[in-house]
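For reference, the structure is listed below as structure tokens.
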Amino acid sequence: MGKTLLDLSQANQGVVTWHALSQAYFDNYLARLTLGQAMPQQSNPARLTIMERIVKEYQLGKLTYAQAVEEVGLRAFHDVIPRFQTIGTNKEIVKDKFYHADFGRSLILTDNLFRIAEGDVADLHSQLDSRWGLLEGAFQIAHDHSHLNNDLRDVYIVNGYQRTTLTANIPFLEGYQGSTCFYCSEPIAKGDVHVDHVLPRQVVHHDEIWNLVLVHPDCNLSKSDRLVGEHFVHKLILRNENIMGSNHPWKAKIEKELGSTPTQRAKSLRKHYDAVKTILGPYYWGGSAGYNPQTDPFYRKLITFLNNGKTLSLS
Ligand SMILES: [Zn+2]
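In case it helps, full-length UniProt numbering puts the sequence shown at residues 1 to 315.
Have a look at this one:
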């Protein structure tokens with residue numbers, strides 16, 4: 001953000017359009033992340049920042065330059081604009097703001113910024129670059145990513161799509177899951193339900209039904225975007241086979257995504273699970289407190305029904 005402000009101040013325009021801001025911000029990130037081996041932009045190795053994702057999608061040909069800039073304008077500024085000039089406690093530095101934001105429309109640069117930008121701009125840029133480098137260096141220590149992880153991640157980004165409306169799937173999923181939470185198997189009250197991606201969306205970048213389950217809002221928060229344990233993968237495979245036993249239109253979609261036989265489907269799903277495990281590394285979620293697959297009535301009922309060649313509909 002500092003480098004972007006310096007760039008923008010050079011045009012001596014007090015009001016900067018949101019588009020110009022987005023473009024300058026994107027250009028700075030693009031230049032930074034194109035330098036040799038791109039460095040991580042935050043400490044959690046399981047995540048990409050919004051800017052890393054946008055730059056990656058642009059580099060992989062998923063977004064045009066204009067689309068990437070638009071994405072930046074829509075998604076990248078919610079944290080950085082309010083926080084950039086309020087970080088730290090040095091009252092001398094933060095008492096005069098650098099800008100005022102008319103969010104989504106324009107950024108109004110203040111005299112305070114222009115005063116600073118009258119100094120040695122090259123030197124300021126180089127100071128900001130070394131700050132940026134320090135941060136990345138610290139983040140790098142938390143990452144032990146091989147190229148394999150990044151390549152796997154890229155495959156999901158290339159094949160992925162923007163988030164769709166998940167709530168439309170609730171009635172359908174209820175039918176095949178009973179009105180119990182996928183993670184803790186306790187009943188779900190009507191209306192108090194979240195649709196969760198078992199394999200985290202931030203990795204798989206899709207909303208395919210085979211990966212969606214109904215859960216308590218609390219269980220969803222507790223899991224966040226971590227990787228579930230093996231028993232939930234087994235449960236998900238069974239849940240999907242339960243759908244396959246029906247004549248629901250989703251059946252064809254799951255078949256297309258995962259395969260035409262139960263063995264193929266289980267294998268495909270495990271392959272995705274292993275890929276996500278490789279990408280996320282040791283970032284497991286153990287499950288809702290007290291959950292035990294042995295005593296999960298839905299899980300047990302499913303196994304019994306599927307073993308008898310039947311489908312369980314609990315709607
Ligand atoms: Zn739950």
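Glycine is no exception: its CB is placed at the ideal position from the N, C-alpha and C atoms.
Residues of its chain near residue i, where Cβ-Cβ distance is below 6 Å and the 5 sequence neighbours each way are ignored
i: Asp7; result: Ala24
i: Phe298; result: Gly178, Thr180, Ser185
Rounded distance between the beta-carbons of residue j and residue i, thought under 8 Å
i: Glu136; j: Met39; result: 4 Å
i: His19; j: Val69; result: 7 Å
i: Pro293; j: Lys223; result: Rounded, the Cβ-Cβ distance is 16 Å, inconsistent with contact.
i: Arg153; j: Val203; result: 7 Å
i: Ser9; j: Phe84; result: Going by Cβ atoms, the distance from Ser9 to Phe84 rounds to 14 Å, so no, they are not a contact pair.
Cutoff 7 Å; reference residue i; Cβ partners in own chain excluding five residues on either side
i: Thr167; result: Val195
i: Ser315; result: For Ser315, the pLDDT reaches just 38, beneath the cut-off of 50, and the residue's location in the model is therefore unreliable, although a value from the coordinates is still provided. Glu174, Gly175, listed in sequence order.
i: Val15; result: Ser106, Ile108
i: Ile243; result: Tyr176, Trp250, Lys251, Ile254
i: Thr49; result: Gln41, Gln42
i: Asn112; result: Asp96, Lys97, Phe98
i: Asn169; result: Val195, Ile209, Leu212
Boundaries of the alpha helix (DSSP H) in which residue i is found, first to last residue
i: Ile170; result: 170-177
i: Leu269; result: 262-280
i: Thr34; result: 18-34
i: Tyr58; result: 50-59
i: Ala101; result: Where Ala101 is concerned, there is no enclosing alpha helix (DSSP H), although the beta strand (DSSP E) it sits in stretches over 99-102.
i: Val195; result: Looking at the DSSP string, Val195 is not in any alpha helix (DSSP H); the run it does join, the beta strand (DSSP E), is 194-197.
i: Ser9; result: 2-9
Beta carbon of residue i nearer than 8 Å to that of residue j
i: Ser268; j: Gly259; result: yes
i: Ile279; j: His205; result: no
i: Gly229; j: Gly287; result: yes
i: Tyr273; j: Tyr183; result: no
i: Asn28; j: Lys3; result: yes
Start-to-end residues for the beta strand (DSSP E) that takes in residue i
i: Ser106; result: 106-109
i: His206; result: No beta strand (DSSP E) holds His206; DSSP gives it neither H nor E.
Cut-off 8 Å between Cβ atoms - residues of its own chain near residue i, not counting five sequence neighbours on either side
i: Ile188; result: Ser179, Thr180, Cys181, Leu214, Val215, His216
i: Arg226; result: Ala46, Pro200, Leu280, Tyr283, Tyr284, Trp285
>> Report the start-end ranges of each beta strand (DSSP E) in the stretch 212-248 that is 3 residues or longer and not cut off at the edges.
In response: Complete beta strand (DSSP E) runs here, min 3: 212-215.
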